[in-house]
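Trainee:
Chains as they are written, first to last, in this note's numbering: chain A, 123 to 378; chain B, -12 to 314.
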């Protein structure tokens, strides 16, 4: 019988599989950090985890609360600073970065700054932090988020961090280096981007989810290829390591 | 150099490097006793209207005692460097201390959520804001530390973060590629919490440096708060460890447990219960007033705040929670 799991566990397991061995990944707290830790303990033992405040390749004893707390440089190879970490991204040595936000649009742009008028916002969010930097410089941006119509919008009210901006060629025209969003992992599906138009494209549906459901929860028209795959569910091994070693206190997986 | 595009929001501080050099030319270099209390440093070095930067990372290695004193002194109209700020930002919003802000990360407390009161303050329209990113603000400080008028990054290009910044897109004279020029930023004053300092200001911090190396060298005035004072001989016995030399520093304040309720690497972890109590109290403005009165305004000094939060018993618990321990 297939093991039972919640949607947060599903998202973390799926995201962990995209992180290749021997590559570098910049993570924040929460689900992205769990995905990177899980990947290290399953398929990618030589995955290098980086934190923007300066922790380089720590042996994480448990989930950090802050990207600058003590855990982020526990038995690290270096306790550096933000400049060290960000210049590593700038010169092209960081492969993956994880982002989140209040809104994401069909070109993978992200809003984590404001909803409503900028000068008198309805909701003020934290802003870029290091997200815009990561989205500009890392080779592949990963996004983990809940799938809903209010979050997946035709156009972000404010583009905090660049995806493919207005589509094919726009990043290059703006002066950004090659890169951009790679995979979006939600509680319903995995999305990628059409190589020609750079518009968001459905890649695989999670077990038990139908295409209509994903379309209904997306505020714009997704590109649908001829063949839509099925996401492989979390394996028993992934779930065991996630629950026993990565997040035993259920700080993240308990949130589903 | 051709300017191709520019952000619409204000640059709060003059990026002229020669004016900065004129200031630093006159800054005293004498190695003298700079010990002060947190009350004295706010009185002497953090006047109303000045532009303030705070070291550390929001709730990690932050100079809480001085920030509390800024609130108690009812400082207003400050400019603030909203760079990786979390609990420090929450505090300054509680006192409505600033009215102009360079924002990279504000309002949030990372995995803990968003501060309801900081949101109310930022949504009121009372604060002039200019957007940046963590790296571009670090680059502004680095340019200041280097004595040049701007730094060059590829951050922000093509986004609304750029539009709402004070940066300019320029064309590289060598490659023709586009870059964002970001103006040097010399804060009037910065406060950085460290593990050890001598009375002259030679300071040692351990663990990640975040943007403190840049901030210490960009700020016109620098206040160091230290977990403990050490002798000058201790500093000279291991000069490799020194992060900040004395001639950058204007004042030294000894504050044991000074990063509380934040994390201090190698010493104590953050007090998550107390940080959660802040967020909870902030939901109701009336309740929050009482909370602030209890923890800040009716408190005479930082030691008394520590007592109200559980004192030595609590601090010992936080020492046990800290994962990094020195051999």
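Using N, Cα and C, we set each Cβ at its ideal position, and we do this for glycine too.
Just the chain B side, please: which residues come within less than 8 Å of residue 189 of chain A by C-beta, in chain order?
Mentor: By Cβ distance, chain B contributes 44, 97.
Trainee: Does any C-beta atom of chain B lie closer than 8 Å to the C-beta of residue 307 of chain A?
Mentor: It does not: the Cβ of residue 307 of chain A has no partner Cβ on chain B nearer than 8 Å.
Trainee: Spatial neighbours of residue 331 of chain A within its chain, please: C-beta separation below 8 Å, excluding the five flanking residues on both sides.
Mentor: So the list reads 310, 311, once near-sequence residues are dropped.
Trainee: In chain order, what residues of the same chain lie with their CB nearer than 8 Å to the CB of residue 301 of chain A, ignoring the 5 residues before and after it?
Mentor: Contacts found: 257, 258, 259, 260, 261, 262, 263, 293.
Trainee: Grouping DSSP H, G and I as helix and E and B as strand, with all else coil, what is residue 199 of chain B?
Mentor: Residue state, collapsed to three classes: helix.
Trainee: When you compare each of B:139, B:192, B:242 to residue 289 of chain B by their alpha carbons, which one comes out closest?
Mentor: Among B:139, B:192, B:242, the Cα nearest to that of residue 289 of chain B belongs to B:242.
Trainee: Going by the beta-carbon positions, is the gap between residue 186 of chain B and residue 22 of chain B smaller than 8 Å?
Mentor: Yes, they are a contact pair.
Trainee: Note the first and the last residue of the continuous alpha helix (DSSP H) segment covering residue 221 of chain B.
Mentor: That run of the alpha helix (DSSP H) goes 219 to 224.
Trainee: Compute the Euclidean distance between the alpha carbons of residue 247 of chain B and residue 343 of chain A, then round it to the nearest angstrom.
Mentor: C-alpha separation (whole angstroms): 49 Å.
Trainee: Grouping DSSP H, G and I as helix and E and B as strand, with all else coil, what is residue 288 of chain A?
Mentor: Coil, per DSSP.
Trainee: Tell me, to the nearest whole angstrom, how far the beta carbon of residue 221 of chain A is from that of residue 253 of chain A; I am working on the premise that it is less than 8 Å.
Mentor: Right, their Cβ atoms sit about 5 Å apart.
Trainee: Consider the Cβ of residue 139 of chain A: report whether some Cβ of chain B lies at a distance smaller than 8 Å.
Mentor: No, its Cβ sits nowhere closer than 8 Å to a Cβ of chain B.
Trainee: Under 9 Å Cβ-Cβ, which residues of chain D neighbour residue 125 of chain B?
Mentor: Checking the listed chains, one finds no chain D in this structure; the protein chains it contains are A and B.
Trainee: Could you pull out every residue in the same chain whose Cβ sits closer than 7 Å to the Cβ of residue 325 of chain A, ignoring the five residues on either side in sequence?
Mentor: Excluding residues within five positions, the ones whose Cβ falls inside 7 Å are 312, 313, 314, 351.
Trainee: Under 8 Å between C-beta atoms, does residue 365 of chain A make it to chain B?
Mentor: Not an interface residue.
Trainee: Write down the C-beta distance between residue 160 of chain A and residue 373 of chain A rounded to the nearest angstrom, noting that I regard them as a contact closer than 8 Å.
Mentor: Incorrect: roughly 14 Å between the Cβ atoms, too far for contact.
Trainee: So residue 249 of chain A and residue 164 of chain B are in contact, right, with Cβ under 8 Å, and what is the actual spacing, rounded?
Mentor: With 8 Å as the limit, residue 249 of chain A and residue 164 of chain B do not qualify as a contact, their Cβ atoms being about 26 Å apart.
Trainee: Could you tell me the alpha carbon to alpha carbon distance between residue -2 of chain B and residue 181 of chain A, rounded to whole angstroms?
Mentor: Going from the Cα of residue -2 of chain B to the Cα of residue 181 of chain A covers about 41 Å.
Trainee: Secondary structure at residue 208 of chain B, three-state DSSP: helix, strand or coil?
Mentor: Looking at residue 208 of chain B - three-state DSSP - the assignment turns out to be strand.
Trainee: I'd like the list of long-range same chain contacts for residue 78 of chain B, defined as Cβ closer than 6 Å, with 5 residues on each side in sequence excluded.
Mentor: Result list for residue 78 of chain B: 54, in chain order.
Trainee: Is there a Cβ from chain B that is less than 8 Å from the Cβ of residue 154 of chain A?
Mentor: So, not an interface residue.
Trainee: Could you tell me which whole beta strand (DSSP E) segments of length 3 or greater appear in the stretch 97 to 126 of chain B?
Mentor: Counting whole runs of 3 or more residues, the stretch 97 to 126 of chain B contains the beta strand (DSSP E) stretches 115 to 118.
Trainee: Rounded to whole angstroms, what's the CA-CA distance from residue 320 of chain A to residue 259 of chain B? Just pull it up for me.
Mentor: Answer to the nearest angstrom: the Cα atoms are 42 Å apart.
Trainee: Look at the Cβ atom of residue 226 of chain A, then the Cβ atom of residue 274 of chain A, and state whether they are nearer than 8 Å.
Mentor: It is a contact, given that the beta carbons lie within the stated cut-off.
Trainee: Do the stretch 167 to 174 of chain A and the stretch 207 to 224 of chain A make contact, defined as three or more Cβ pairs closer than 8 Å?
Mentor: Enough Cβ pairs lie closer than 8 Å, so yes.
Trainee: Look up residue 247 of chain A in the DSSP assignment and say whether it is helix, strand or coil.
Mentor: Residue 247 of chain A falls in the coil class under three-state DSSP.
Trainee: Going by other Cβ atoms of all chains shown within 10 Å of its Cβ, with 16 needed for buried, is residue 241 of chain A buried or exposed?
Mentor: Exposed.
Trainee: Below 7 Å on C-beta distance, what does residue 174 of chain B contact in chain A?
Mentor: Neighbours of residue 174 of chain B on chain A: none; closest Cβ ~16 Å, over 7 Å.
Trainee: Can you tell me whether DSSP reads residue 253 of chain B as helix, strand or coil?
Mentor: DSSP places residue 253 of chain B in coil when its eight states are reduced to three.
Trainee: Taking CB distances under 8 Å as the criterion, tell me whether residue 77 of chain B reaches chain A.
Mentor: No, residue 77 of chain B does not count as interfacial toward chain A.
Trainee: By how many angstroms is the C-alpha of residue 251 of chain A removed from the C-alpha of residue 266 of chain B?
Mentor: Looking at the two C-alpha atoms, the distance is approximately 20 Å.
Trainee: From this set, B:108, B:94, B:155, which residue's C-alpha is nearest residue -10 of chain B's C-alpha?
Mentor: Per the Cα distances, B:155.
Trainee: What do you reckon, are the CB atoms on residue 236 of chain B and residue 209 of chain B nearer than 8 Å?
Mentor: It is a contact, given that the beta carbons lie within the stated cut-off.
Trainee: To the nearest angstrom, report how far apart residue 206 of chain A and residue 135 of chain B are at their CA atoms.
Mentor: If you take the alpha carbons of residue 206 of chain A and residue 135 of chain B, they lie about 20 Å apart.
Trainee: Return the residue from the list B:193, B:80, B:205 that minimises the CA-CA distance to residue 213 of chain B.
Mentor: The residue with the shortest Cα to Cα distance from residue 213 of chain B is B:193.
Trainee: Report the residue ranges of all beta strand (DSSP E) runs contained in full by the stretch 164 to 232 of chain A; include only those spanning at least 3 residues, in chain order.
Mentor: With a minimum length of 3 residues, the continuous beta strand (DSSP E) runs that stay inside the stretch 164 to 232 of chain A are 170 to 172, 218 to 221.
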